[in-house]
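This report concerns only the one structure given below.
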């Protein structure tokens, strides 16, 4: 059986339902773990730090799809992505679509947009811009090509003195793919994107939070 | 029996424990209510909106001890307090104490400080500055004198077309006092500040979240 030294887990669609409300059974289960639980989200640092605090897990968070990492609640944002690059891409997208910015002031490494345009056409338009367009299932993100939840996980693992392969990771959407590529054990919840399920070591029978509980039971952690 | 048309409830120390982790029984109970549940916190808007979202209650929040209110998750901050006034007071305090700013960039109407100085002496120093110093139990806040959770509650009630007296309110600390003064039914959890208990219609037998569940049962809401 895989014995993880730490867990990295996506928030929206993995510990929460479609309305983004926490699954309380999953929260209860995560609190029981004796190893660090690191939230890894596409959301902004101030969202991630708040949610980690009220869930009651480690203060270490991966935010903005890996563009920012944090180690302490009152600590600094460590910015790994270049927001300027994303702003240039936004300017171009704005000529083709009527884009709607979300949480603009709170994002430090990327630009977040409402899901109201054709993302495939947008990807064509942004070819050559050194950015990627991510669909988290809750918003579209223009993100620096060089960042990902996977790279952020490597950054954190290094700081904690453990190997990325010693992590178990849980997720539901395409922004979790790179995190799946570097971790030692990969869990996709039942509602996960098919591309994530293809990389998974375990696909849970149940959706989101109930699936998280099943996975932690499978690993013998609860 | 008092039949509230809405609930306003403090977060830290009321729905959370001392480590600021949510009481899951309280969350479950709040989700069952058929009336709007409005979180009222000393914390910053981005914290409040995140916590309201993951708890799964109304997106309406009172933040920064009443200095900011919000009605929608992706909506605007409505700023009721004057941060400039608080900054002038901060400058003076900085000459007497080695103050440590918390969450500075995220606060829009006030200044939040670590609890590492003598608040009574600080209150003496700031006499005549048209600001108040609030102890939320988790931080000290320099707040515009004209704002309070009570005034913010009146603002929200007006917008919702109900009277403040139709609210039941729940809290634990001195920054809940003004909210208690305007509401129709006041509940102090067992761990509440003595000044709050003196104003309460109901003091719960249990601390924080367990007390919240007791209060909602008492009101026949769950």
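Residue numbers (my numbering), protein chains in the order written: chain L, 3 to 224; chain D, 3 to 224. Heads up, the beta-carbon is just placed ideally off N, CA and C, and yes, glycines get one too.
Quiz item: CB-CB under 6 Å to residue 101(L), same chain, minus the five flanking residues each way: which ones, in chain order?
Solution: 95 and 115
Quiz item: Among 121(D), 68(D) and 132(D), which has the Cα closest to the Cα of residue 12(D)?
Solution: 68(D)
Quiz item: Going along the chain, which residues of the segment 5-25 of chain L sit with their C-beta nearer than 9 Å to a C-beta in chain D?
Solution: Per Cβ criterion, the list reads 13, 17, 18, 19, 21, 22, 23 and 24.
Exercise. For residue 152(D), I'd like the list of residues in its chain whose CB is within less than 6 Å of its CB, leaving aside the five on either flank, ordered along the chain.
Key: 180, 181, 183 and 184
Practice problem: Note down the Cα distance separating residue 157(L) from residue 6(L), rounded to an integer number of angstroms. | Solution: 17 Å
Quiz item: Between the segment 53-63 of chain D and the segment 18-36 of chain L, do at least 3 Cβ pairs fall closer than 8 Å?
Solution: As far as the Cβ criterion goes, the segment 53-63 of chain D touches the segment 18-36 of chain L, which means the pair count is three or higher.
Quiz prompt | Sequence-distant residues of the same chain with beta carbon closer than 6 Å to residue 195(D), five excluded per side | solution = The residues are 175 and 176.
Practice problem: Counting only runs of 3+ residues fully inside the segment 59-83 of chain D, write out the beta strand (DSSP E) ranges in chain order. | Solution: 63-65 and 70-72
Self-check item: DSSP-derived helix/strand/coil call for residue 110(D)
Solution: coil
Exercise. Sort 168(D), 44(D) and 167(D) by Cα distance to residue 145(D) and report the nearest one.
Key: 44(D)
Quiz item: Helix, strand or coil for residue 91(L) per DSSP?
Solution: Residue state, collapsed to three classes: helix.
Quiz prompt | For residue 80(L) and residue 33(L), the rounded distance between their alpha carbons | solution = Straight-line Cα distance between these residues: approximately 26 Å.
Exercise. Spell out whether any CB of chain L is found under 8 Å from the CB atom of residue 131(D).
Key: no
Quiz item: Does the Cβ-Cβ distance between residue 4(L) and residue 169(L) come in under 8 Å?
Solution: no
Quiz item: According to DSSP, is residue 4(L) helix, strand or coil?
Solution: coil
Exercise. Reducing DSSP to helix, strand and coil, say where residue 178(D) ends up.
Key: helix
Quiz prompt | Closest Cα partner of residue 212(L) within the set 201(L), 198(L) and 172(L) | solution = 172(L)
Practice problem: Closer than 7 Å by C-beta to residue 31(L): which residues in its own chain qualify, once you throw out the five before and the five after it? Chain order, please. | Solution: 214, 215, 218 and 224
Quiz item: Helix, strand or coil: which one does DSSP assign to residue 199(L)?
Solution: Helix, per DSSP.
Quiz item: Is residue 62(D) closer than 8 Å to residue 40(D) when the C-beta atoms are compared?
Solution: A contact, by the Cβ cut-off of 8 Å.
Quiz item: Which residues in chain L sit within 7 Å of residue 101(D), going by Cβ to Cβ distance?
Solution: Correct list: empty, because the minimum Cβ distance to chain L is about 14 Å.
Quiz item: Any Cβ of chain D within less than 8 Å of the Cβ of residue 36(L)?
Solution: no
Quiz item: residue 135(D) lies in the beta strand (DSSP E); which residues open and close that run?
Solution: 133-137 is the span of the beta strand (DSSP E), which, as asked, contains residue 135(D).
Practice problem: Output the distance between the C-alpha atoms of residue 143(D) and residue 178(D), rounded to the nearest integer angstrom. | Solution: When rounded, the distance between both Cα atoms is 13 Å.
Quiz item: Which chain L residues are close to residue 114(D), counting only those with a beta carbon under 9 Å from its beta carbon?
Solution: Neighbours of residue 114(D) on chain L: none; closest Cβ ~10 Å, over 9 Å.
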